[in-house]
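Residue numbers (this note's numbering), protein chains in the order written: chain D, 1 to 252; chain X, 253 to 504.
We put the beta carbon where it would ideally sit given N, CA and C, even for glycine.
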DNA sequence: GAGTGGTCTAGACCACCCT
DNA sequence: GGGTGGTCTAGACCACTCC
């Protein structure tokens with residue numbers, strides 16, 4: 001055993017170990033996509049308990065720096081984040097393809113449910129059953145969004161069929177339903193349970209969320225939904241013509 | 253000891269304990285702002301190890317449900333979140349007061365630094381020294397934003413003096429500097445070290461961030477900065493006139 | 001001094017992966 | 001079977017708060 005390592009950085013031991021590992025990644029000693037030494041090896045090298053190393057590794061997973069696969073090892077996570085431009089007059093998938101981004105969609109389920117998420121209820125407080133389309137959206141093969149879209153149940157079947165291939169708003173546009181105003185609430189939140197599975201992230205992982213209420217040219221059709229993205233996979237870009245903002249009221 | 257509790261909910265023990273505590277809070281058994289039983293008491297009641305209870309309590313802190321104070325106890329966190337409206341023609345502090353919100357500012361430091369945050373460098377890649385104003389903004393006495401604002405160093409002293417009282421953009425407006433375009437990047441991230449201290453939150457806590465680049469009527473003055481808010485304290489609201497968005501290119 | 005949360009340890013078991 | 005990450009335990013020490 002080495003034992004005599006002197007890595008006092010943070011106030012606590014696991015913080016010191018954590019930052020030392022982070023430093024090695026930054027220095028290129030541990031390579032992106034490759035496995036780092038096992039917890040047992042690091043425990044021996046640093047001269048600390050194995051559980052302390054595991055604590056440090058667990059925290060680095062929450063920071064988006066590492067991913068661990070039980071039985072295989074702990075790996076340095078690839079760092080690639082995409083920008084979602086808002087307030088530009090272009091369709092999302094259309095623009096993505098133009099920029100050389102391959103957007104693919106993985107349909108998870110189409111169900112009939114009532115909206116229960118309190119955040120979405122502020123958009124649509126009707127107690128009616130909705131058609132709920134859940135999907136994962138990939139950019140260049142990397143999962144970036146977990147989407148749950150709610151539309152009214154009397155949607156024509158020919159439109160519903162397209163939901164498995166593209167985004168719901170694209171499917172609507174393809175069938176002559178124009179899109180008008182969109183109201184967004186952007187916030188952050190710990191990862192939901194289905195998102196944890198979809199992105200292979202630990203519980204508590206910081207997510208960027210976009211709750212949307214999309215109105216259309218047909219007054220009987222409006223779309224509400226919730227997009228959840230890992231913080232290290234997606235960011236939003238907004239340009240406001242007049243540089244003034246308002247600080248709004250408290251939420252319900 | 254009770255011991256014979258049967259609380260198998262999650263796949264692991266600490267998840268079961270965690271959800272049981274969450275349930276008791278939802279049921280009103282543990283009251284907002286009040287202390288919950290100590291880890292030792294819970295350990296005895298549930299018949300699990302003390303460290304397992306501590307693990308559950310630690311996770312609930314990351315979820316914004318509990319706050320712990322060493323030596324005092326663990327408390328149910330107050331749930332109050334504010335909405336920040338974007339794209340409305342109103343000054344932030346002005347609008348806040350109109351709605352009965354008391355916005356107060358706690359000046360942390362005014363320093364001269366270069367911009368190092370890679371995210372902000374995308375707004376301003378000049379290598380020049382900047383005036384950096386760091387502050388905490390409170391809404392109704394509750395801290396909601398940790399702000400770091402960068403302006404050019406040749407700012408008149410009379411404006412700099414006002415930075416301690418109000419937001420930087422307000423100080424500029426008070427001295428006849430009009431605000432024009434603003435470019436925002438909104439993302440999520442684990443809490444930075446200074447934000448952890450400012451908000452008394454654990455490391456890894458999900459934060460909503462707003463990186464801004466505010467141009468003014470004076471071409472020599474522009475403001476860039478970074479606002480960091482706990483996910484359970486602030487959300488953003490955006491309304492886009494035309495319901496089309498673009499999916500942008502990859503970040504650098 | 002008693003109680004609290006936070007940290008650290010040594011040791012153990014499990015499920016999983018790879019050979 | 002040997003290595004991996006994930007979980008759980010019993011026990012200990014520390015800094016802190018409150019009485």
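field: Where residue 409 of chain X falls: helix, strand or coil (DSSP)
entry: By one-based count along the second chain, residue 409 of chain X stands at place 157. If DSSP states are grouped into helix, strand and coil, residue 409 of chain X belongs with the helices.
Residue 121 of chain D: contacting residues in chain X (beta-carbon distance under 9 Å): In the first chain, the residue the question calls residue 121 of chain D occupies position 121. By Cβ distance, chain X contributes nothing, its closest Cβ being about 15 Å from residue 121 of chain D, past 9 Å.
query: Is there at least one Cβ from chain X nearer than 7 Å to residue 132 of chain D's Cβ?
result: Locating residue 132 of chain D in the first chain gives position 132, where the first residue counts as 1. Not closer than 7 Å to any Cβ of chain X, the Cβ of residue 132 of chain D fails to qualify, so no.
query: Looking at the structure shown, is residue 130 of chain D part of a helix, part of a strand, or coil, going by DSSP?
result: The residue you call residue 130 of chain D lines up with position 130 of the first chain. Residue 130 of chain D falls in the strand class under three-state DSSP.
Listed by chain order, chain D residues near residue 442 of chain X by CB distance under 8 Å: What you label residue 442 of chain X is simply residue 190 of the second chain in a count that begins at 1. Result: 62, 63, 64, 206 and 231.
message: Out of X/449, X/397 and X/390, which one is the CA nearest neighbour of residue 349 of chain X?
response: Indexing the second chain from 1 puts residue 349 of chain X at position 97. Of the candidates X/449, X/397 and X/390, the one whose C-alpha sits nearest the C-alpha of residue 349 of chain X is X/390.
field: Closer than 9 Å at the beta carbon, the chain D residues around residue 437 of chain X
entry: For the purposes of this step, residue 437 of chain X is taken as residue 185 along the second chain, with counting starting at 1. Going along chain D in sequence order, the residues near residue 437 of chain X (Cβ under 9 Å) are 83, 235, 236, 237 and 238.
- prompt: Taking Cβ positions, are residue 419 of chain X and residue 468 of chain X nearer each other than 7 Å?
  reply: One-based indexing of the second chain puts residue 419 of chain X at position 167. One-based indexing of the second chain puts residue 468 of chain X at position 216. One thing to note: residue 419 of chain X has its Cβ no nearer than 7 Å to the Cβ of residue 468 of chain X.
C-beta atoms of residue 306 of chain X and residue 319 of chain X nearer than 7 Å: Start at 1 with the first residue of the second chain, and residue 306 of chain X comes out as number 54. Start at 1 with the first residue of the second chain, and residue 319 of chain X comes out as number 67. No. Outside cutoff.
message: In this structure, how does DSSP classify residue 123 of chain D when only helix, strand and coil are distinguished?
response: As a working mapping, residue 123 of chain D is identified with position 123 in the first chain. Three-state DSSP puts residue 123 of chain D in coil, outside helix and strand.
message: Measuring CB atoms only, is the stretch 426 to 442 of chain X touching the stretch 352 to 368 of chain X, in the sense that at least three cross pairs come out at less than 8 Å?
response: no
task: Would you mind working out which of X/489, X/377, X/472 and X/466 sits nearest residue 210 of chain D, comparing C-alpha positions?
output: Here residue 210 of chain D refers to the residue found at position 210 when the first chain is read from its first residue. Comparing Cα positions, the closest option is X/489.
- request: Return yes when the Cβ of residue 101 of chain D is within less than 7 Å of the Cβ of residue 135 of chain D, no when it is not.
  value: What you label residue 135 of chain D is simply residue 135 of the first chain in a count that begins at 1. What you label residue 101 of chain D is simply residue 101 of the first chain in a count that begins at 1. No, these two residues do not count as a Cβ contact at 7 Å.
message: Let's see if you can read the secondary structure: which residues bound the beta strand (DSSP E) around residue 463 of chain X?
response: Counted from its first residue, the second chain places residue 463 of chain X at position 211. Residue 463 of chain X -> beta strand (DSSP E) spans 458 to 468.
message: By the three-class DSSP mapping on this structure, what secondary structure does residue 301 of chain X have?
response: As a working mapping, residue 301 of chain X is identified with position 49 in the second chain. Coil.
message: Quick check for students: name the residue ranges of the beta strand (DSSP E) that lie wholly in the stretch 53 to 122 of chain D, counting only runs of 3 or more.
response: 66 to 69, 73 to 76, 82 to 85 and 103 to 113
- prompt: Do residue 382 of chain X and residue 398 of chain X have their C-beta atoms within less than 7 Å of each other?
  reply: Counted from its first residue, the second chain places residue 382 of chain X at position 130. Counted from its first residue, the second chain places residue 398 of chain X at position 146. No, Cβ-Cβ distance for residue 382 of chain X and residue 398 of chain X is not below 7 Å.
message: Here's the rule: buried if 16 or more other CB atoms are within 10 angstroms of the residue's CB, otherwise exposed. What is residue 479 of chain X?
response: For this step, residue 479 of chain X is matched to residue 227 along the second chain. That one is buried.
message: Judging by CA-CA distance, which residue of D/193, D/186, D/208 and D/229 is the nearest neighbour of residue 223 of chain X?
response: There is no way to answer for residue 223 of chain X, as the model of chain X reaches only from 253 to 504.
- prompt: Candidates X/297, X/288 and X/481: which alpha carbon is nearest residue 208 of chain D's?
  reply: In the first chain, the residue the question calls residue 208 of chain D occupies position 208. Taking only the C-alpha atoms, the option nearest residue 208 of chain D is X/481.
message: Let me confirm a value: residue 281 of chain X is counted as buried when at least 16 other C-beta atoms fall within 10 Å, else exposed. Which label applies?
response: For this step, residue 281 of chain X is matched to residue 29 along the second chain. Residue 281 of chain X is exposed by the Cβ-count criterion.
- prompt: Can you tell which of D/164, D/123 and D/56 has its C-alpha closest to the C-alpha of residue 40 of chain D?
  reply: In the first chain, counting from the first residue as 1, residue 40 of chain D sits at position 40. With distances taken between Cα atoms, residue 40 of chain D lies closest to D/56.
message: I'd like the list of long-range same chain contacts for residue 385 of chain X, defined as Cβ closer than 7 Å, with 5 residues on each side in sequence excluded.
response: By one-based count along the second chain, residue 385 of chain X stands at place 133. So the qualifying residues of the chain are 362, 401, 415 and 420.
message: So, under 8 Å CB-CB, residue 455 of chain X and residue 157 of chain D are touching, yes? Tell me the CB distance rounded to an integer number of Å.
response: The residue given as residue 455 of chain X occupies position 203 in the second chain. The residue given as residue 157 of chain D occupies position 157 in the first chain. Rounded to the nearest angstrom, the Cβ distance from residue 455 of chain X to residue 157 of chain D is 50 Å, too far for a contact under 8 Å.
task: May I have the straight-line CA-CA distance separating residue 120 of chain D from residue 214 of chain D, to the nearest angstrom?
output: If you number the first chain from 1, residue 120 of chain D lands on position 120. If you number the first chain from 1, residue 214 of chain D lands on position 214. Per the coordinates, the alpha-carbon of residue 120 of chain D lies some 12 Å from the alpha-carbon of residue 214 of chain D.
query: Cα separation between residue 452 of chain X and residue 332 of chain X?
result: As a first step, residue 452 of chain X is located in the second chain; it is residue number 200 there, counting from the start. As a first step, residue 332 of chain X is located in the second chain; it is residue number 80 there, counting from the start. Spanning the two alpha carbons is a distance of roughly 16 Å.
message: On a Cα-Cα basis, can you pick out the residue from X/296, X/376, X/450 and X/317 that is closest to residue 278 of chain X?
response: Taking the first residue of the second chain as position 1, residue 278 of chain X is located at position 26. Nearest of X/296, X/376, X/450 and X/317 to residue 278 of chain X, Cα basis: X/317.
- prompt: Is DSSP giving residue 181 of chain D helix, strand or coil here?
  reply: If you number the first chain from 1, residue 181 of chain D lands on position 181. Of the three classes helix, strand and coil, the one that applies to residue 181 of chain D here is strand, per DSSP.
message: So, for residue 505 of chain X: in the same chain, excluding its five sequence neighbours on each side, which residues have a beta-carbon less than 7 Å away from its beta-carbon?
response: Because chain X here runs from 253 to 504, residue 505 of chain X falls outside it and cannot be looked at.
- request: Quick one: grab the DSSP three-state call for residue 34 of chain D.
  value: Taking the first residue of the first chain as 1, we reach residue 34 of chain D at position 34. Residue 34 of chain D falls in the coil class under three-state DSSP.
- request: Could you spell out where the alpha helix (DSSP H) holding residue 170 of chain D opens and where it closes?
  value: Position 170 of the first chain holds residue 170 of chain D. Its alpha helix (DSSP H) spans residues 168 to 174.
task: Starting from residue 447 of chain X, trace the alpha helix (DSSP H) both ways and give me its first and last residue.
output: Here residue 447 of chain X refers to the residue found at position 195 when the second chain is read from its first residue. Where residue 447 of chain X is concerned, the enclosing alpha helix (DSSP H) stretches over 445 to 451.
Environment of residue 21 of chain D [buried if 16+ CB atoms lie within 10 Å]: By one-based count along the first chain, residue 21 of chain D stands at place 21. Label assigned to residue 21 of chain D: buried.
- request: State yes or no: is the C-beta of residue 103 of chain D within less than 7 Å of the C-beta of residue 93 of chain D?
  value: Numbered from 1 along the first chain, position 103 holds the residue referred to as residue 103 of chain D. Numbered from 1 along the first chain, position 93 holds the residue referred to as residue 93 of chain D. Taking 7 Å as the Cβ cut-off, residue 103 of chain D and residue 93 of chain D qualify as a contacting pair.
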